[in-house]
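S.K.:
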Amino acid sequence: MENQLFNYIIQHADNCLILSHRLSEWCGHGPVLEQDIAMTNISLDLLGQARMLYDYAAKVQGEGKTEDDLAYLRDAWDFKNVQLVEMPNGDFGQTIMRQFLFDTFNVTFYRELMEVSNDAELIAIADKSLKEAQYHLKWSSEWMLRLGQGTEESHTRLQNAANLLMPYANEVVIPSEADKVAAETGYGVDLNNVKAERDQLIKEVITECELDASLDGFSHTGGKTGTHTEHLGYVLAEMQFLQRAYPGLEW
Amino acid sequence: MKKWPLWEVFVRSKAGINHKHVGSLRAADAEMALNNARDVYTRRNEGVSIWVVESKDIVASDPDIADSFYEPAASKVYRHPTFYDLPDEVKHM
């Protein structure tokens, strides 16, 4: 029988890890020093959230594995992150749009989890992570507005990012089997509640940015069951190289 | 982004302590300056409060008139309260 609690934790752990890795790719390449640091800070926050979740997932799994095993020794089809977070950085506008679409979920998800979960460990993780996620959302929302209301160039780039990423926005709030079991059993959230609150946050900013973007269109799915875009393989190849080439290497 | 103005950052390390100048950064607006200051200057737990002010809004004394500005104070030892005998019980003076 599938361990749905494990799957549930892994879904979000993988979201955090893969987005963290994407943001880390900006390190040394940010448009200005201050934003370079901002993005790597967020990257490290997300890595911290991923670590707590992997640590708990490994315990729940009960096979004696560690957080490192889960991060470095699983292949693409074992990863259960949504496809949004594996999308490439693109230009700064694309990174901001992707971050904003994730942050709106991350905040509402943790908030709801703290309120309804009957799992003490998940509540503790949500409590610690929510404060970080709220700052991330503040950061990405403000950048959405700056780019959306900035110059014609910045608005065009943000619109291009919306065209590319909006079809990936909803996967995170479409329940997987693990999500359904989690909500029924009581350790997880009802994604409909999260979606309602999240959509509101997104719509406000989209409107203020005067973007032509809708949450009602076609939605890609599959990430939560291990079907990914071509991009994830490249992320893992880079991220996992050392442990794959030199198994058990420590430094 | 070369046109982004320069901001000076002041951080209070804990409640009750003064804000102290810690450095400067570039940002397009006040809100971004605060965020940047938070990310650049308080990531290792350095502070509980941040002030930012545009560098152009700071009025500084002119180094060329330092002689007339500061020299006169140098010879006024009587302005320092060092001539009082303090009882041992008095601390923090």
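Protein chains in written order, with our numbering: chain A, 1 to 251; chain B, 252 to 344.
Even for Gly, the Cβ is constructed at its ideal location relative to N, Cα and C.
1) Considering Cα atoms alone, identify which of A:L5, A:H12, A:D75 is closest to Y234 of chain A.
2) Beta-carbon of V253 of chain A versus every beta-carbon of chain B: anything under 8 Å?
3) Since I believe A169 of chain A is in contact with L215 of chain A (beta carbons under 8 Å), could you give me their beta-carbon distance rounded to a whole number of angstroms?
4) Just the C-alpha distance for Y296 of chain A and L236 of chain A, rounded to the nearest angstrom, thanks.
5) Quick one: list the residues of chain A neighbouring V197 of chain B, beta-carbon separation under 7 Å, in chain order.
6) How would you call K80 of chain A, buried or exposed, if buried means at least 16 neighbouring beta carbons within 10 angstroms?
7) Considering Cα atoms alone, identify which of A:L211, A:T227, A:L191, A:L44 is closest to L113 of chain A.
8) If I measure Cβ to Cβ from A284 of chain B and keep anything under 6 Å in the same chain, skipping five residues before and after, which residues do I get?
9) Check whether the region 17-26 of chain A and the region 37-44 of chain A are in contact - that is, three or more C-beta pairs closer than 8 Å.
10) Taking just the CA atoms, how far does P323 of chain B sit from N315 of chain B?
11) Check the DSSP bridge columns for S300 of chain B and list the partner residues they point to.
12) Between the beta-carbon of L137 of chain A and the beta-carbon of R111 of chain A, is there less than 8 Å?
13) Can you tell me whether N118 of chain A is buried or exposed, with buried defined as 16 or more other CB within 10 angstroms of its CB?
14) Determine which residues of the region 137-151 of chain A have a Cβ less than 8 Å from any Cβ of chain B, and write them out in chain order.
15) Going by CA-CA distance only, name the one from A:Y135, A:E210, A:I9 that's closest to L253 of chain A.
16) Going by DSSP, what residues sit across from G62 of chain A in a beta bridge?
17) Contact criterion: CB-CB distance below 8 Å. Does H163 of chain A meet it with respect to chain B?
18) Measuring alpha carbon to alpha carbon, tell me which of A:Y8, A:H21, A:D14 ends up nearest M239 of chain A.
19) To the nearest whole angstrom, what separates the beta carbons of A133 of chain A and N106 of chain A, a pair I think is in contact under 8 Å?
20) Could you list which residues in chain B have their beta carbon closer than 8 Å to that of N41 of chain A, in chain order?
21) Between which two residues does the beta strand (DSSP E) carrying K271 of chain B extend?
22) How would you list, in chain order, the residues of chain A whose beta-carbon sits under 8 Å from the beta-carbon of R263 of chain B?
23) Of the residues A:V173, A:S219, A:R98, A:E230, which one's Cα is nearest the Cα of E197 of chain A?
M.R.: On the basis of the coordinates in this document:
1) Of the candidates A:L5, A:H12, A:D75, the one whose C-alpha sits nearest the C-alpha of Y234 of chain A is A:D75.
2) Nothing can be reported for residue 253 of chain A: it is not among the residues displayed for chain A, which extend from 1 to 251.
3) 6 Å
4) The question about residue 296 of chain A has no answer here: the residues shown for chain A are numbered 1 through 251.
5) The structure shown does not extend to residue 197 of chain B, since chain B is modelled only from 252 through 344, so no value can be given for it.
6) buried
7) A:L191
8) So the list reads W258, A278, V303, once near-sequence residues are dropped.
9) The region 17-26 of chain A is in contact with the region 37-44 of chain A.
10) A small correction: the amino acid at residue 315 of chain B is Asp; Asn does not occupy that position in the sequence shown. C-alpha separation (whole angstroms): 15 Å.
11) Answer is B:R263.
12) no
13) In summary, N118 of chain A is exposed, with fewer than 16 beta-carbon neighbours lying within 10 Å of its beta-carbon over all protein chains present.
14) K138, W139, E142, R146
15) The question about residue 253 of chain A has no answer here: the residues shown for chain A are numbered 1 through 251.
16) Note: G62 of chain A sits in no beta bridge, so no partner.
17) Reading off the sequence, residue 163 of chain A comes out as Asn, not His. It does not: the Cβ of N163 of chain A has no partner Cβ on chain B nearer than 8 Å.
18) A:H21
19) 4 Å
20) D290, R294
21) Per DSSP, the continuous beta strand (DSSP E) segment holding K271 of chain B begins and ends at 270-277.
22) None at all; the shortest Cβ gap to chain A is about 19 Å.
23) A:V173
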